[in-house]
Amino acid sequence: MPEGTDPVEWRLRCDLAACYQLTDLYGMSDLASTHISVLLPGPEHHFLVNPLGTLFDEMTASALLKVDLAGRVVAGDPSLLNPAGFIIHSAIHMSQSDLQCVMHSHTRANNAVAMQAMGLRPLSQKACVMLDFLGYHDYEGAALDEDERQRLVRDLGPEGRVLILRNHGALTAGRSVGEAFCWMLRLEMACQYQIDGQAGGVPLHELSEATIRHTRAQGRKMLGPDGFLEVGKVEWPGLLRKLERERGTSYRT
1 MPEGTDPVEW RLRCDLAACY QLTDLYGMSD LASTHISVLL PGPEHHFLVN
51 PLGTLFDEMT ASALLKVDLA GRVVAGDPSL LNPAGFIIHS AIHMSQSDLQ
101 CVMHSHTRAN NAVAMQAMGL RPLSQKACVM LDFLGYHDYE GAALDEDERQ
151 RLVRDLGPEG RVLILRNHGA LTAGRSVGEA FCWMLRLEMA CQYQIDGQAG
201 GVPLHELSEA TIRHTRAQGR KMLGPDGFLE VGKVEWPGLL RKLERERGTS
251 YRT
């Protein structure tokens with residue numbers, strides 16, 4: 001930890017840098033075109049986000065930009081702030097919710113589902129258990145207009161964790177970095193299952209409405225706050241261990 005750095009901020013910097021590297025490790029990065037942010041504690045409402053030009057597999061704790069809610073870079077190179085990233089992430093961080101981390105991705109699978117009129121269909125357990133946490137946001141062009149922020153917050157909803165950005169990609173949010181990442185990985189797997197199933201060229205087995213309702217309710221109890229599979233709570237320490245086995249500890253520099 002650099003001398004004079006707040007220990008809480010440094011821990012969040014390390015978690016966020018790890019999240020970037022894990023995103024690349026799990027095949028969900030898009031060069032430097034997407035972004036993940038974390039809100040820092042304190043009245044300043046500063047948040048951390050990636051600098052343009054740094055690939056996800058080379059992200060480090062000290063490389064992250066610190067930004068305020070007006071879009072001013074307060075630590076780091078101002079020329080490296082992604083304006084679209086600021087709009088998307090500041091929308092959630094301004095909402096005064098308990099959501100600390102916001103993750104945005106463009107993957108092959110989530111874009112394929114985001115193009116489909118029916119979106120994520122209840123064709124697998126992975127999809128069904130997350131439906132109560134899922135919303136949709138219509139495409140409005142590149143996220144450069146400040147007034148889109150209110151619609152992003154509205155479409156995520158007060159208890160939402162996953163937002164499919166139609167014709168664009170996906171967004172997840174969590175009360176921790178681990179929660180946001182694990183929601184994104186869950187969504188990615190559900191989207192891959194759907195696309196693979198549809199590619200088979202045979203009729204798919206449709207679940208009954210009663211089964212879908214039952215599984216949605218189970219998902220809410222399992223994956224939500226205080227559930228026995230609360231998303232990110234037990235997975236994150238193991239994911240950090242995996243990252244360090246696979247790629248070392250450079251993210252903590």
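Using UniProt numbering, the letters of the sequence shown map in sequence onto residues 1 to 253. Using N, Cα and C, we set each Cβ at its ideal position, and we do this for glycine too. Remember, it's a predicted structure, so these values are computed and weren't measured experimentally.
In DSSP terms, what residue i is bridged to
i, result
"Ala173", "Val102"
"Ile88", "Note: Ile88 sits in no beta bridge, so no partner."
"Val49", "Leu65"
"Ala75", "Lys66"
Collapsed DSSP secondary structure at residue i in the structure displayed
i, result
"Gly135", "strand"
"His168", "coil"
"Ser97", "coil"
"Ser62", "helix"
"Leu156", "helix"
"Leu163", "strand"
"Leu25", "helix"
"Arg81", "Per the sequence presented here, residue 81 reads as Leu, with Arg not at that position. Coil at Leu81, not helix or strand."
"Ala32", "coil"
"Leu12", "helix"
"Ser124", "coil"
"Met38", "The displayed chain sequence assigns Val, not Met, to residue 38. Strand, per DSSP."
"Met130", "coil"
"Met118", "coil"
"Asp57", "helix"
"Ala142", "coil"
"Glu246", "helix"
"Glu148", "helix"
"Pro7", "helix"
Nearest-angstrom Cβ-Cβ length linking residue i and residue j, presumed shorter than 8 Å
i, j, result
"Tyr251", "Leu243", "7 Å"
"Arg161", "Phe133", "4 Å"
"Ile36", "Cys14", "Actually they do not touch by this definition, with Cβ atoms about 13 Å apart."
"Met189", "Ser105", "No, Met189 and Ser105 are not in contact; Cβ-Cβ is about 13 Å, not under 8 Å."
"Ala173", "Cys101", "7 Å"
"Leu40", "Leu81", "Wrong, their Cβ atoms sit about 16 Å apart, outside the cutoff."
"Leu64", "Ala114", "Not really, about 27 Å apart at Cβ, beyond 8 Å."
Below-7 Å beta-carbon distance, residue i vs any chain B residue
i, result
"Ser124", "The displayed structure is made up of one protein chain only, and chain B is not part of it."
Residue i beta carbon near the ligand NAP (any heavy atom closer than 6 Å)
i, result
"His46", "Because no ligand of any kind appears in the structure shown, any question about the ligand NAP cannot be addressed here."
Three or more beta-carbon pairs under 8 Å between the segment 28-35 and the segment 52-59, yes or no? yes
Alpha helix (DSSP H) runs wholly inside the segment 173-243, at least 4 long, in chain order: 177-198, 209-223
If contact is defined by three or more beta carbon pairs under 8 Å, each pair taking one atom from either stretch, is the segment 163-173 in contact with the segment 109-119? Verdict: yes, contact present.
On the three-pair Cβ rule with 8 Å, is the segment 192-211 touching the segment 137-148? no
Is the segment 176-184 in contact with the segment 225-235, if contact means three or more CB pairs nearer than 8 Å? At 8 Å Cβ cutoff, the stretches touch.
Please confirm if the segment 57-73 is in contact with the segment 156-164, defined as three or more CB-CB distances below 8 Å between the two stretches. Because the criterion of three Cβ pairs below 8 Å is not met, the segment 57-73 and the segment 156-164 do not touch.
Cβ contact (3+ pairs, closer than 8 Å) linking the segment 55-66 and the segment 115-125: no
At a cut of 8 Å, does the segment 20-28 reach the segment 73-91 through at least three beta carbon pairs? no
Assess, as a yes-or-no matter, whether the segment 215-225 is touched by the segment 125-132 under the definition of 3 or more beta carbon pairs within less than 8 Å. yes
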